[in-house]
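Residue numbers for the sequence shown follow this note's numbering, so the first one is 48 and each next one is one higher. All remarks here apply to the structure that follows.
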Amino acid sequence: MNYDVIIIGGGIGGLTTGALLVRRGLRVLILERGSRIGGYVTSFKRGALTFDATGAFLGGCEEGGEFYKILVQTGAQRHLRFLRIETARNIYPDFSLELHLRGGFEEYIKGVRELFPQERKALRDYFDLIGKIGGEINRFTGLTWWHKVLFPFYFRHLILYQRASLGRVLDSYFQNEGIKQVLATLPSHLPPSHLSFLFTATLISKVLTQGVWYPQGGMGAIPQALEAAFSEGGGEVQLNTEVERIEVEGGRVKGVLTRRGDFFPARTVVAAINIRRALSDLLPEEYDSKLYDWVHALEYSLSSFLVYLGVEVDLAPLALPYLTYLSSGNTEMEYEQLRRGEMPDDPTVIITIPTLLDSSLAPRGHHVLRLITPAPYGFRNGWGGNDRSLYLEIKDEMTQRLIRTVEARYISGLSAHIKFVEAATPLTLERYTGNERGATYGLAPTPRQFGRGRPANKTPIKGLYLAGHYTRPSHGIVGTAISGSFVAEMISREQGR
Ligand SMILES: Cc1cc2nc3c(=O)[nH]c(=O)nc-3n(C[C@H](O)[C@H](O)[C@H](O)COP(=O)(O)OP(=O)(O)OC[C@H]3O[C@@H](n4cnc5c(N)ncnc54)[C@H](O)[C@@H]3O)c2cc1C
48 MNYDVIIIGG GIGGLTTGAL LVRRGLRVLI LERGSRIGGY VTSFKRGALT
98 FDATGAFLGG CEEGGEFYKI LVQTGAQRHL RFLRIETARN IYPDFSLELH
148 LRGGFEEYIK GVRELFPQER KALRDYFDLI GKIGGEINRF TGLTWWHKVL
198 FPFYFRHLIL YQRASLGRVL DSYFQNEGIK QVLATLPSHL PPSHLSFLFT
248 ATLISKVLTQ GVWYPQGGMG AIPQALEAAF SEGGGEVQLN TEVERIEVEG
298 GRVKGVLTRR GDFFPARTVV AAINIRRALS DLLPEEYDSK LYDWVHALEY
348 SLSSFLVYLG VEVDLAPLAL PYLTYLSSGN TEMEYEQLRR GEMPDDPTVI
398 ITIPTLLDSS LAPRGHHVLR LITPAPYGFR NGWGGNDRSL YLEIKDEMTQ
448 RLIRTVEARY ISGLSAHIKF VEAATPLTLE RYTGNERGAT YGLAPTPRQF
498 GRGRPANKTP IKGLYLAGHY TRPSHGIVGT AISGSFVAEM ISREQGR
């Protein structure tokens with residue numbers, strides 16, 4: 048069978064690219080090294096409990112939203128139903144904040160203003176800026192030739208803040224350290240001093256205008272829907288098939304070679320995997336020497352440690368939200384510890400309880416809880432090195448540390464109700480998906496790695512494209528789906544569709 052396009056990797060980036068390309072009449076094959084599609088975005092079952100392996104929420108799922116539009120274009124929309132996340136809670140050592148996510152900018156600003164009335168004016172000015180940047184980002188997506196010509200005029204703030212960290216901007220607007228903590232509470236695994244301000248502004252304006260959502264049935268419903276749409280369009284998926292080489296001749300891709308030794312010829316190849324692996328390990332040596340320095344200078348995101356809990360308890364009296372962000376209060380210090388390869392004693396923990404949104408994920412009277420904290424790949428000599436029993440010991444120690452933190456600061460008596468517990472380390476994330484050192488978000492969203500600072504979707508090798516969270520526009524489920532739509536558009540144009 049000859050394919051027009053071969054996609055390496057069946058994560059959200061690869062699946063979206065494939066599902067869009069089959070709609071344009073192209074013959075597409077996805078090669079996935081794992082035994083299931085979805086990459087990081089997957090659910091797993093333990094008895095009658097359904098857990099989400101990694102992700103917790105996504106934006107743009109409402110009619111007209113960014114992700115919604117892509118799902119409609121792929122045909123996956125009719126396989127999915129999204130539940131809106133109405134509230135979230137941020138808990139800091141000295142105060143807490145209830146977030147009413149449906150209320151958009153106004154409701155969010157009101158909540159923060161009530162806590163920090165002295166920062167009223169600065170808050171208004173800051174959100175004016177966020178709104179302007181959000182508008183420029185939206186216009187950037189539909190860039191026309193006159194926008195390009197008048198780029199500095201239309202995109203003044205994108206130019207002005209392109210290298211700014213969130214920390215720098217917060218310091219220039221606010222005096223109070225508490226409000227800075229609140230405005231920096233984001234799922235990025237980076238503290239304000241290292242986090243791109245433009246990334247933050249984009250994320251906040253999208254979350255506050257498009258809402259946040261959870262797919263009914265668990266996060267695994269998303270790749271399942273994309274795979275269904277892909278297959279309905281005639282696409283093929285081969286699981287348990289690892290690509291070991293991308294063949295290139297005369298500066299153009301010729302196809303891919305799998306670990307089993309099968310060669311699949313194709314004029315177009317999309318690598319929707321770890322960028323270092325794609326552009327350093329998989330390409331012929333001559334390209335490695337050309338791209339080595341550039342690829343190895345990229346900064347990867349920190350990994351994560353996750354705990355999956357099944358509990359038998361009635362949570363209704365506690366009136367908990369689906370998502371709670373339990374902040375350590377000093378993310379700068381925490382980050383420095385993590386960079387040194389240490390795990391903080393009292394770490395930041397993100398808690399999600401999917402059964403509060405979708406009760407079908409556990410039997411009656413039970414809930415599933417998921418705890419996430421940033422974690423270094425190199426902790427305790429790489430989680431015990433090759434010593435399996437030490438690995439299990441460290442994993443158990445960390446599991447208990449996270450449960451203790453949640454119990455002490457949030458849900459007292461939690462451990463008495465735990466009926467099931469399992470954990471995932473950075474090594475687990477790497478083993479299942481091949482992500483660099485278990486990188487949570489692919490490339491770290493630093494100022495240097497925002498927008499055009501990220502690797503382009505088109506590579507210097509003819510016919511070789513990149514999708515996924517190491518490339519443009521950004522990480523996350525929606526970011527990688529958009530990368531898939533960029534790549535699908537480029538390939539369709541190249542192949543005259
Ligand atoms: C703990 C955690 C929490 C997160 N929370 C959220 C969240 O709440 N919301 C959100 O939007 N995002 C979240 N993310 C990020 C989001 O999941 C990712 O940015 C996104 O899913 C990346 O998709 P991808 O397609 O680029 O890559 P991946 O998901 O890594 O998929 C790559 C696929 O390629 C396969 N592969 C690798 N090498 C090869 C090879 N040589 N041959 C064949 N196949 C190969 C892998 O097996 C894998 O299936 C989270 C991530 C983590 C780890």
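For each residue, glycine too, the CB sits at the ideal point set by N, CA and C. None of the values given here were measured: they were computed from a predicted structure.
**Q.** First through last residue of the alpha helix (DSSP H) which encompasses K505
**A.** No alpha helix (DSSP H) contains K505, which DSSP labels as neither H nor E.
Q. Leaving out five residues before and five after E274 in sequence, what residues of the same chain have Cβ atoms less than 7 Å from its Cβ?
A. L62, I84, V284
**Q.** G531 to G515 span [Cα, whole Å]
**A.** G531 and G515: Cα-Cα distance of roughly 7 Å.
**Q.** Pick from R314, I465, P312, L237 that is closest to G412, judged by C-alpha positions
**A.** When only C-alpha atoms are compared, the closest one is I465.
Q.
Tell me whether V88, by its Cβ, gets closer than 8 Å to a heavy atom of ligand 1.
A. Yes, Cβ of V88 sits closer than 8 Å to a heavy atom of ligand 1.
**Q.** Inter-residue Cα distance where the pair is T378 and N137
**A.** Going by the C-alpha atoms only, they are around 14 Å apart.
Q. Of all the options E79, L338, L162, E289, which has the alpha carbon lying nearest to the alpha carbon of P507?
A. L338
Q) Is there contact between the stretch 414-434 and the stretch 349-367, where contact requires at least three CB pairs shorter than 8 Å? A) yes
Q) Near A169, what residues of its chain come up, given a Cβ to Cβ distance below 6 Å and the 5 sequence neighbours on each side ignored? A) Only Y220, F221 meet the Cβ criterion.
Q) Is Y372 near T395, with beta carbons less than 9 Å apart? A) yes
Q: Can you check the stretch 365-390 for any alpha helix (DSSP H) of at least 4 residues that lies completely inside it and give the ranges in chain order?
A: 378-386
Q | Contact the stretch 233-253 vs the stretch 121-135: 3+ CB pairs below 8 Å | A | no
Q. Assuming V360 and L105 make a contact with CB atoms under 8 Å, what is their CB distance in whole Å?
A. Wrong, their Cβ atoms sit about 28 Å apart, outside the cutoff.
Q. Start and end of the beta strand (DSSP E) containing S350?
A. 350-359
Q | Residue range of the alpha helix (DSSP H) that includes L437 | A | 435-456
Q: Could you tell me whether the Cβ of R478 comes closer than 9 Å to any Cβ of chain D?
A: Within the model displayed, chain D is absent; a lone protein chain is all it includes.
Q: Return yes when the Cβ of Y50 is within less than 9 Å of the Cβ of P312, no when it is not.
A: yes
Q) Hey, is I465 close to ligand 1, as in C-beta under 8 Å from one of its heavy atoms? A) No, since every heavy atom of ligand 1 falls outside the 8 Å radius drawn around the Cβ of I465.
Q) Whose C-alpha, out of R495, L330, A463, is nearest the C-alpha of K509? A) L330
Q) Quick one, are the C-beta atoms of R131 and G258 less than 9 Å apart? A) Taking 9 Å as the Cβ cut-off, R131 and G258 qualify as a contacting pair.
(Q) So for N223, helix, strand or coil by DSSP? (A) In the three-state reduction of the DSSP assignment, N223 falls in the coil class.
**Q.** Contact between the stretch 470-487 and the stretch 304-323 (3+ Cβ pairs under 8 Å)
**A.** yes
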